[in-house]
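Read through the structure below, which is laid out as structure tokens, and then see the notes.
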Amino acid sequence: YRRLRAVAARLSPETPPTLEARLRYGLGKLCLNTMAVNTAHEELTSAVMLYRALGNAPQRGSALADLGFVLLMLGRIDEAERAVAEALTLLQHAQRPRTLAEAYSVQVCIEVRRGRYDAVRSAGETAMRLCELAGADRAGFAMSADLVEAALEMGDVDGAISRGHSLAMRLRDTPNSDMLGFVLSVLTAALTAREDLDEALAVAREAAPLLRDHGILFWLFDHLALRAGLAGRSRDAALIAGYSDALHRVSGCPREPVRHQAIERLGTLLREALPDGEIARLGRLGGQLIEDQALTLALGD
């Protein structure tokens, strides 16, 4: 990432548009699923514009699919839906089944947010068939991980846990540690929602170093804050939530539904256990923690 940023700083009007488009797209893709969502949006928007000017429809479709995911992360669902619809149109005849599968996987996420669950299943099945056609194991794992999260967002907590355990078992025998970390974080969320607190903690302890290695540890904190609250550790929960709030304020990245639900549920627990002033004070203190402190607190018993 640092190398690409250094190269981007040297872009000039004389830079060939094809090279700039590839660079912008690469930078945007590297920022996917991180707190640098605004950077991802900026770079992918530039890449789409450049590929449009170049008349490169397949690459524009690829960039639009990733831009759709970023727009979804930013809560701009209408724009995300339009971007993915255009991406699917461009990619249908591009002979890129793997990239088309990735676009359908973004559509799955959009359909979940819309509450159109028949469409979730249809898009998911299409994406899985395309992954099989392309022999794309990693893309297939990614689609399976998205479906675990989709099950949880749709309220199928038991289904998310069952699918999550099964997929995590398969991923442990692959080099896809980032994907394993993601699945374990969703599993942590589902186990916490079901109040299987000991198992949730064990899964989170496996997930944390994987997520940290890939710069996506922030996924865990809302769920671990809720877990602490459910375990009766109200003050610790308020501190962890305060740390997570500070991360989101800095990044400008809103919480996706599953994490938003966790923090809403925690808010109810905290208001029952602590005075409002104490919750606010602990939230401010939590915002001053460093990552190591917050993680030690979150993974404690």
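Letter by letter, the sequence shown follows residues 1118 to 1418 in the working numbering. Built from N, CA and C at the ideal position, the CB exists for glycine as well. All values derive from a computational prediction rather than experimental measurement.
Euclidean distance between Cα positions of residue i and residue j
i, j, result
"L1297", "E1131", "42 Å"
"M1245", "A1218", "7 Å"
"V1274", "V1375", "11 Å"
"R1139", "L1205", "20 Å"
"P1392", "A1345", "17 Å"
"A1180", "L1387", "42 Å"
"S1261", "T1156", "27 Å"
"H1419", "A1211", "Nothing can be reported for residue 1419: it is not among the residues displayed for the chain, which extend from 1118 to 1418."
"A1170", "C1248", "30 Å"
"I1278", "G1172", "44 Å"
"L1308", "E1159", "36 Å"
"A1348", "D1418", "9 Å"
"V1223", "E1198", "9 Å"
"A1480", "N1150", "This structure leaves residue 1480 out entirely; the chain is present only between 1118 and 1418."
"M1191", "G1369", "The question names Met, yet the displayed sequence has Leu at residue 1191. Distance between the alpha carbons of L1191 and G1369 is about 8 Å."
"L1208", "S1294", "29 Å"
"P1175", "E1203", "11 Å"
"F1299", "L1328", "7 Å"
"A1354", "R1372", "17 Å"
"H1290", "A1321", "It is worth fixing the name first, because residue 1290 is Asp in this sequence and not His. Those two C-alpha atoms are separated by around 19 Å."
With 16 other Cβ atoms within 10 Å as the buried cut-off, status of residue i
i, result
"G1281", "buried"
"H1340", "buried"
"A1317", "buried"
"T1413", "exposed"
"S1283", "exposed"
"A1397", "exposed"
"P1425", "Given a span of 1118 to 1418 for the chain in the structure shown, any question on residue 1425 remains unanswerable."
"D1330", "exposed"
"P1292", "exposed"
"G1359", "buried"
"D1362", "buried"
"P1214", "buried"
"D1195", "exposed"
"E1266", "buried"
"A1319", "exposed"
"I1407", "exposed"
Alpha helix (DSSP H) segment containing residue i, residue limits
i, result
"G1281", "1274-1288"
"G1434", "Examination of residue 1434 is not possible in this model, given that the chain is present from 1118 through 1418 alone."
"H1365", "1351-1368"
"L1207", "1194-1208"
"M1271", "Counting along the chain, M1271 falls outside any alpha helix (DSSP H), and DSSP gives it neither H nor E."
"L1414", "1408-1415"
"E1312", "That residue, E1312, is in no alpha helix (DSSP H); it is neither H nor E in DSSP."
"T1216", "1214-1231"
"D1339", "1335-1347"
"R1388", "1374-1390"
"L1250", "1234-1251"
Proximity test, residue i beta-carbon vs the ligand PLP heavy atom, cut-off 7 Å
i, result
"G1276", "Among the components of this structure there are no ligands whatsoever, and the ligand PLP is therefore not found."
>> Quick check on the DSSP output: what are the complete alpha helix (DSSP H) runs of length 4 or more inside the stretch 1123-1175, in order along the chain?
In response: With a minimum length of 4 residues, the unbroken runs of alpha helix (DSSP H) contained wholly in the stretch 1123-1175 fall at 1134-1147, 1154-1171.
> Within the chosen definition, does the stretch 1377-1397 reach the stretch 1234-1254 through at least 3 CB pairs nearer than 8 Å?
Replying inline: Taking one beta carbon from each stretch, the stretch 1377-1397 and the stretch 1234-1254 have fewer than 3 pairs nearer than 8 Å; the two do not touch.
>> If contact is defined by three or more beta carbon pairs under 8 Å, each pair taking one atom from either stretch, is the stretch 1205-1220 in contact with the stretch 1254-1261?
In response: Yes: at least three Cβ pairs fall under 8 Å.
> If we count Cβ pairs, one from each stretch, closer than 8 Å, do we get three or more for the stretch 1172-1186 versus the stretch 1221-1236?
Replying inline: Touching, per the Cβ criterion.
> For the stretch 1156-1165 against the stretch 1134-1148, are there 3 or more C-beta pairs whose distance is under 8 Å?
Replying inline: Short answer: they touch.
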